[in-house]
Amino acid sequence: MKIEFTNLDVAKIKADLLVFGHYFDEKKPQGKLAELDQLLDGAISELIQQGDITGKEKETVLIHTFGKIPAPKVLVIGLGNYDRFDQDKVREVAAIAVKQGIKVKAKQIASVPFGIHHTHIHEHHVTHSFAEGALLASYHFEGYGSKKEEQFQVELIQLMADHVSDELVYGIECGTAYGLGTNLARDLVNTPGNLMTPAKMAEKAVEIARRYGMEYEVLGKEELERLEMGGLLAVSQGSDQPPKMIMIKYRGKEQWDDVLGFVGKGITFDSGGISLKPSANMDEMKTDMAGGAAVLGAMEAIGRLRPKVNIVAVIPSCENMPSGKAYKPGDVIRTMSGKTVEVLNTDAEGRLILADGITYAKKLGATRIIDIATLTGAILVSLGTITTGAFTNDSSFLDDFQKAAKKAGEKIWQLPTFDEYKEQIKSQIADLKNTGGRDAGSITAALFLAAFAEDTPWIHLDIAGTAYTSKESPTTPKGATGVMVRSLVQIAKHYGKHGMKSK
Ligand code: BES
Ligand code: MN
Ligand code: ZN
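Taking this note's numbering, the leading residue of the sequence shown gets 103, the next gets one more, and so forth.
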């Protein structure tokens with residue numbers, strides 16, 4: 103999909119669909135919609151008076167122009183209250199426009215840049231959110247049916263702007279990068295486990311790294327053994343798929359001093375292992391690499407935008423399977439950090455591979471770490487499918503990230519990591535045990551990870567509830583959501599601009 107500017111006016115544009123916005127309770131058409139109204143002999147005013155166009159949020163009214171202007175169809179979208187209109191609404195309205203475009207098979211859309219006249223929305227945020235919404239809405243997962251159904255795609259969106267600035271152009275670049283990064287993550291997560299193996303994830307990572315000239319390394323089993331990554335090795339040992347520790351380094355500045363670490367859980371299928379999961383919905387456990395996918399989606403966007411920040415991306419990846427070789431409840435393993443873990447449930451595998459991922463990121467120079475993982479079913483109980491759970495050992499780091507997530511339009515909420523909870527993961531025979539029981543399951547999982555972050559400022563994002571959805575919205579189809587890609591890119595961009603003030 104291409105997004106560009108046009109200075110042609112409504113009477114001349116040849117798009118298949120023209121898109122306008124109308125604020126709630128506005129009695130008359132405004133701006134470009136007023137121009138259209140004149141060309142259509144007052145049809146829009148009439149529809150407003152009749153109450154067919156109310157401007158209510160998300161309302162869509164499709165109008166045929168019957169040769170009065172070159173464009174055959176016009177869509178008027180309700181923008182809701184003027185005062186409550188913001189960046190998030192721009193994203194959503196752009197997505198609605200594209201969805202309608204697909205529905206009426208409009209290859210070319212021309213649209214007003216919603217919100218451009220709002221003083222409280224920055225120009226580049228207008229085009230950023232527009233492009234992002236348009237790309238998110240155009241996402242479609244191919245699937246594997248033997249008869250390919252052609253998915254209709256909107257090819258061109260022209261923004262009817264009175265002026266073009268660097269700001270506006272940069273906004274489109276950003277929104278495109280955020281959208282493509284998210285869609286890349288969605289593709290990885292939607293791909294079934296037999297096709298998205300650890301080796302395949304590594305291949306995808308290498309593709310991204312090469313595309314943007316980033317350094318990368320994929321460690322195989324022998325190297326994991328040499329580095330004594332006992333967490334990843336233990337979880338992987340029941341599977342015939344060899345484990346991979348995937349690493350990408352992005353150098354956004356001269357010195358490799360301040361380094362932001364992204365660590366993503368890359369379990370390509372989680373059967374639970376010997377502590378086998380029930381079969382109902384077990385297929386969804388192909389999405390257990392969504393954290394790793396989010397990291398790769400973020401690296402794709404970062405490659406396009408090149409913020410002035412260093413990043414090390416680490417994705418421990420393997421399958422969690424039962425077999426005669428599988429690790430077992432009761433086993434004690436030694437992680438790369440030297441810390442030992444008593445395994446009480448082989449289904450609490452994510453924290454074991456992340457432990458090595460976090461240690462490895464630190465070894466590679468990470469001075470701040472964000473890990474991201476479909477870690478616990480318990481987070482789904484606490485926050486449902488709407489909000490990502492966030493945990494930290496450094497409140498000012500999380501402050502920064504919360505602002506970034508808000509800007510990116512993604513919802514996160516902090517849960518506590520009070521020391522008292524640590525009791526639950528103390529082991530009699532090892533440094534830690536890998537489950538803390540039913541109570542506060544997401545918190546004890548986070549505290550397990552905190553033990554490996556140690557003094558390094560760290561944020562943990564539990565996306566078990568938000569990575570996958572069975573409800574569709576204009577920006578998010580059913581299936582993988584690509585959650586947190588945009589927030590990760592946003593925090594990278596923030597530190598690229600303001601520096602990572604080290605503590
Ligand atoms: N991958 C699962 C968590 C999960 C659950 C993700 C539902 C997406 C949807 C994770 O590895 C897991 O099995 N966690 C266990 C931990 C427990 C054994 C301590 C859980 O949440 O039940
Ligand atoms: Mn599990
Ligand atoms: Zn898992």
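For each residue, glycine too, the CB sits at the ideal point set by N, CA and C.
Spatial distance of K605 from M438 (CA atoms): In this predicted model, K605 has a pLDDT of only 49, less than 50, meaning its place in the structure is not dependable; the value taken from the coordinates is given anyway. In a straight line, the C-alpha of K605 is about 26 Å away from that of M438.
Contact the segment 248-256 vs the segment 225-235: 3+ CB pairs below 8 Å: no
Using DSSP with H/G/I as helix, E/B as strand and the rest coil, what is F187? coil
Near I610, what residues of its chain come up, given a Cβ to Cβ distance below 8 Å and the 5 sequence neighbours on each side ignored? This structure does not reach residue 610, given that the chain is present from 103 up to 605, and the question cannot be answered.
In whole angstroms, what separates the C-alpha of R312 from that of E574? 34 Å
Which two residues bound the contiguous beta strand (DSSP E) that contains H227? Note, H227: premise wrong, no beta strand (DSSP E); alpha helix (DSSP H) at E225 to A239.
Checking 8 Å against the spacing of the C-beta atoms, do L149 and V176 come in under that value? no
Say the cut is 7 Å; is the CB of G295 nearer than that to a heavy atom of the ligand MN? no
Just curious, the alpha helix (DSSP H) that F550 is in, first and last residue? G543 to A555
What are the boundary residues of the alpha helix (DSSP H) that includes Y272? D268 to N292
Report the option in L142, H166, F126 and V121 whose CA atom is closest to the CA atom of V200. V121
Would you kindly check if the distance between the Cβ of T494 and the Cβ of I561 is under 8 Å? yes
Would A279 pass as a contact of I259 if the rule is Cβ separation under 8 Å? no
Assigned secondary structure, L378 (DSSP; H/G/I helix, E/B strand, else coil): coil
Buried or exposed, going by whether 16 or more other CB atoms sit within 10 Å of the CB of V195? buried
What are the boundary residues of the alpha helix (DSSP H) that includes G406? Per the sequence shown, residue 406 should be read as Arg rather than Gly. Segment A392 to L407, the alpha helix (DSSP H) holding R406.
Listed by chain order, which residues have C-beta atoms less than 5 Å from any heavy atom of the ligand BES? D372, D390, N447, D449, A450, G452, T476, T478, G479, T537 and A566
Could you check what DSSP says for A480 in three-state terms: helix, strand or coil? helix
Grab me the residues of S572's own chain with a C-beta within less than 7 Å of its C-beta, minus the 5 sequence neighbours each way, in chain order. K580
Residue(s) in a DSSP beta bridge with Y318: I350
Per-residue DSSP class, three states only, for R436: strand
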